[in-house]
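Q: Numbering (the numbering used here), first residue to last: 1 to 82.
(1) If you reduce the DSSP assignment to three classes, tell me which class residue 22 lands in.
(2) Tell me the DSSP secondary structure of residue 36 in three-state form.
(3) Straight-line CA distance for residue 29 to residue 60?
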């Protein structure tokens, strides 16, 4: 009338251990997914931060223009040499 105790135990252990393996598999998938997402986010943030300056500094001033002596100064220098 009652099922054999060994049969009940085997059924229980089969489903129990399957349940454990299913739970462990789901946890492993979640851990791997979260790890990959975190790695991708960190890489993107590092690339974005490196591509932009850390502070909004104004651009450096342009170099001063080269000053050439005017024609009058050149003539004066030539006269002084003579």
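For every residue, glycine included, the Cβ atom is placed at its ideal position computed from N, Cα and C.
These figures come from a predicted structure and were not determined experimentally.
A: In brief:
(1) helix
(2) helix
(3) 51 angstroms
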